[in-house]
Amino acid sequence: MKDYTILGRVVSGLGIAYDKDAGVACATEMGYTYALTTFQNVYTIIAKFSLVDQDNRKPNDLNLRGLVSAVKKVASAKANGNVVTITFKTALTANGKAKNVISSIPEVINWFYMNGYSNCAEETLEPADTKVFINRGVIHFYTEEVANQMLTERAVEQAAAPVVVENYALGTAFALGGVIVGAILIVIVGQLGYISLLGGVVMGFLTLTAYQKGAGKLSKIGIVICFVLMLIGVYYANKFDFALTVTRIFHQEGYKNVRMMDAFGVLPEMMEKGIIDSADYYVMFAFQCVAAIGGAISPLVTLLQKNKAASITRILG
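Residue numbers are given in our numbering: position 211 of the sequence shown equals residue 211, and the series is strictly consecutive.
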């Protein structure tokens, strides 16, 4: 099946190796080994190289400005030790973003070659042929010998590591904090007269990440717990939103002694008597649920992908 993600399009255009589980593509061209992956989201592609100059010195941001000037589709080039991270200019379409990367990679490599940079191994900081090595989701550039050694050591560590037992109670307690923050945001947005995915995104991200922090890991049961908590949070957020609106109306009519909690408590009775249209109330609740759950899908997918990548240790190329 063809991969229509931006990274998938880049891989197809360059004809390079791609490990979907790790979310990393890699290749060696003209003696330069590089890795491509996403940064923070699936829409931003970054390239990584491990380099030293002709005097075996690490690259620096000042010198890399020349690369940004020379390669028109490169947005930035930053050095962290010997590893250079490159971002590319954006475009309106996924295909356009992919083309920016595809056209830039040969130019970037040629610029490194013309300016005296050599591919180097992280462990020695000396020119060498390298492999892309993923250690718990982090990209490294090691010689084949060191990469194999690291792989063996990691296998021993994994075999000896204790099994993490999911702490449902603590995870639920942590997740409640995320639900509360998201619910408050939903109420604020609701008072402005809008239904927004923003509340769902915030609630989903905070709830899921907080649950994982407290529970130790995020399983299918944990995901169900989080979504149930989010639905409960949306229910109360919607109720508070209506209660605030009712309280404001009472105040406008001169009943200044009515408090929000008074309105909150009598909402069911007001719907029974037809003072509040119950259809409007439940339709709004349904819309808020769809917005919240829909907004939570993106952070859930991102978190699961991040967790999966973080568990991977392997040699890619």
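In this text, a Cβ means the ideal position worked out from N, Cα and C, and glycines have one as well.
Exposure label - residue i; buried when at least 16 CB within 10 Å
i, result
"Ala169", "exposed"
"Pro162", "exposed"
"His251", "exposed"
"Ile105", "buried"
Residues bridged to residue i [DSSP beta-bridge criterion]
i, result
"Leu366", "Because the chain in this structure spans residues 1 to 317, residue 366 falls outside the shown range and cannot be described."
"Tyr34", "Ala27 and Phe49"
"Pro127", "Cys120"
"Ile86", "Ala47 and Ala77"
"Ile315", "Phe133"
"Ala17", "Cys26"
"Ala282", "The question names Ala, yet the displayed sequence has Tyr at residue 282. Bridge partners of Tyr282: none, in fact."
8 Å Cβ cutoff met for residue i and residue j
i, j, result
"Val108", "Val138", "no"
"Ile102", "Gly13", "yes"
"Ile16", "Ala98", "no"
"Leu218", "Leu303", "yes"
"Asn238", "Gln288", "yes"
"Asn82", "Leu51", "yes"
"Val146", "Glu123", "yes"
"Phe133", "Ile315", "yes"
"Pro299", "Gly233", "no"
"Tyr235", "Phe285", "yes"
"Leu125", "Asn60", "no"
"Met261", "Leu244", "no"
"Val283", "Gly216", "no"
Cutoff 6 Å; reference residue i; Cβ partners in own chain excluding five residues on either side
i, result
"Asp53", "Gly116 and Tyr117"
"Val202", "Gly182 and Leu185"
"Val11", "Tyr18 and Ala25"
"Pro127", "Ser118 and Cys120"
"Asn307", "none"
"Gly178", "Leu206, Thr207 and Ala210"
Integer Cβ distance of residue i from residue j, believed to fall under 8 Å
i, j, result
"Thr209", "Gly182", "Their Cβ separation, rounded to whole angstroms, is 12 Å, which puts Thr209 and Gly182 out of contact at 8 Å."
"Asn119", "Thr130", "6 Å"
"Phe88", "Ile45", "6 Å"
"Thr37", "Gly23", "6 Å"
"Ala47", "Ile86", "4 Å"
"Gly274", "Gly222", "Contact doesn't hold; Cβ gap of about 42 Å is too wide."
Contact test: residue i Cβ vs the ligand ATP heavy atom, cutoff 7 Å
i, result
"Val301", "With respect to small molecules bound, the structure shown includes none, and the ligand ATP cannot be examined in it."
Cutoff 8 Å; reference residue i; Cβ partners in own chain excluding five residues on either side
i, result
"Asn135", "Met150, Arg154 and Thr313"
"Ile276", "Phe242, Val246, Leu267 and Met270"
"Ala175", "Thr207, Leu208, Ala210, Tyr211, Gly214, Ile225, Cys226 and Leu229"
"Leu64", "Ala77, Lys78, Ala79 and Val84"
Close beta carbons around residue i, own chain, < 7 Å, minus the five adjacent residues each side
i, result
"Asp241", "Val187, Gly190 and Gln191"
"Ala309", "Ala22, Gly23 and Gly137"
"Thr90", "Lys97"
"Asn100", "Lys73, Phe88, Lys89 and Ala91"
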